[in-house]
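Going letter by letter, the sequence shown gives residues 190 to 451 in our numbering.
Note that beta-carbon positions come from the ideal geometry of N, C-alpha and C, so glycine has one too.
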Amino acid sequence: MTTETHALSSTRPLDGRVAVITGASSSIGEASAEHLASLGARVAVLARRAERLDELVTRIGKNGGNAVAIAVDVTDAAAVQAAADRVEAELGGADLLFNNAGVMLPAPVDELRVDQWQRQIDLNISGLMNVIGAFTPQLVRAAGERGVADLINTSSSAARNLYPTFAVYAGTKAFVSHLSKHLRVELGPKSVRVSAIEPGIVGTELQDHVTDAGAKAWLEGSKETVDWLRPDDIAQTVGFIASLPLRVNLPQVFIMPTAQPS
Numbered sequence: 190m191t192t193e194t195h196a197l198s199s200t201r202p203l204d205g206r207v208a209v210i211t212g213a214s215s216s217i218g219e220a221s222a223e224h225l226a227s228l229g230a231r232v233a234v235l236a237r238r239a240e241r242l243d244e245l246v247t248r249i250g251k252n253g254g255n256a257v258a259i260a261v262d263v264t265d266a267a268a269v270q271a272a273a274d275r276v277e278a279e280l281g282g283a284d285l286l287f288n289n290a291g292v293m294l295p296a297p298v299d300e301l302r303v304d305q306w307q308r309q310i311d312l313n314i315s316g317l318m319n320v321i322g323a324f325t326p327q328l329v330r331a332a333g334e335r336g337v338a339d340l341i342n343t344s345s346s347a348a349r350n351l352y353p354t355f356a357v358y359a360g361t362k363a364f365v366s367h368l369s370k371h372l373r374v375e376l377g378p379k380s381v382r383v384s385a386i387e388p389g390i391v392g393t394e395l396q397d398h399v400t401d402a403g404a405k406a407w408l409e410g411s412k413e414t415v416d417w418l419r420p421d422d423i424a425q426t427v428g429f430i431a432s433l434p435l436r437v438n439l440p441q442v443f444i445m446p447t448a449q450p451s
């Protein structure tokens with residue numbers, strides 16, 4: 190049996206790997222941290238809510254995993270770099286980055302919710318780039334030393350589909366998907382796999398942040414006909430991508446609820 194075959198058949202295919210997860214205090218990030226830890230990775234969980242992160246680290250530890258919490262706002266570039274330095278010092282550097290922090294604030298464009306536009310751009314684009322800038326050197330170095338590294342970005346089905354009132358959010362996610370394609374060209378030859386995950390509706394805290402009445406009604410109405418994806422569905426996908434043999438890269442993974450038409 191080859192090493193790669195063993196990794197795929199093992200219950201802990203990520204043994205020896207170091208995973209960083211942003212947006213880890215809830216929903217997809219939280220579920221992914223627990224799942225990656227169960228697969229053997231040491232995980233660094235990053236988010237703003239320190240208390241939630243501490244609870245997550247405790248839970249992972251009780252389940253036999255290894256985790257460290259780093260409270261950080263990814264829109265603060267200096268703070269993200271300090272977090273990366275800590276991962277380097279305490280865990281030896283990341284070889285798996287799940288860039289997951291984000292926010293969804295739909296509203297009709299003619300309402301001129303400039304504050305919400307900027308919040309989405311700051312977190313979904315600038316925050317994403319801060320994390321990529323801080324951790325990519327670790328990923329490249331780890332790929333050279335350990336033979337594999339993964340950069341996985343959370344995009345959305347909104348990057349390719351059309352949803353009324355979601356224009357700014359969709360634009361930020363289109364950036365994530367297109368950026369990921371370009372990064373794959375740059376980093377693939379250095380053995381860093383780049384993937385963008387593009388889910389349809391997932392039941393997360395994102396819906397709790399929506400303030401527009403029309404968007405809230407559309408989301409609530411969809412529950413009557415669509416069994417939404419769950420955070421663990423995405424976590425399982427992240428684990429699968431990272432567990433594949435190095436020769437295999439899934440550049441874009443489009444995941445939809447079975448009954449969601451678009």
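Beta-bridge pairing of residue i - partner residues as DSSP gives them
i	result
Ala-338	Val-381
Arg-231	Val-207, Asn-255
Phe-443	Glu-387
Ala-236	Ala-260
Thr-343	Ile-386
Outcome for residue i when other beta-carbon atoms lying within 10 angstroms are tallied against a minimum of 16
i	result
Gly-253	exposed
Ala-226	buried
Asp-204	exposed
Asp-339	buried
Leu-351	exposed
Thr-211	buried
Leu-301	exposed
Thr-194	Only weak support exists for where Thr-194 lies, its pLDDT of 46 falling under 50; the value from the coordinates is given anyway. Exposed, by the Cβ-count rule.
Pro-202	buried
Ser-366	buried
Thr-200	exposed
Val-437	exposed
Ser-346	buried
Cβ-Cβ distance between residue i and residue j below 7 Å
i	j	result
Met-445	Gly-389	yes
Ile-217	Pro-434	no
Lys-362	Ala-385	no
Thr-264	Asp-311	yes
Asp-243	Ala-258	yes
Phe-324	Val-427	no
Arg-248	Ala-230	no
Asp-160	Pro-295	Absent from the structure is residue 160, since the part of the chain shown begins at 190 and ends at 451.
Ala-290	Gly-316	yes
Val-381	Ala-424	no
Ala-208	Leu-285	yes
Ser-221	Arg-241	no
Gln-309	Val-357	yes
Gln-449	Val-399	no
Ala-256	Asn-319	no
Leu-235	Ala-271	no
Minimum Cβ-Cβ distance from residue i to chain B less than 7 Å
i	result
Thr-361	No chain B appears in this structure, which consists of one protein chain only.
Jot down the residue ranges of each uninterrupted beta strand (DSSP E) in the stretch 267-308, minimum 3 residues, whole runs only, in chain order.
285-288
Contiguous beta strand (DSSP E) assignments of at least 3 residues, all confined to the stretch 351-423:
381-388
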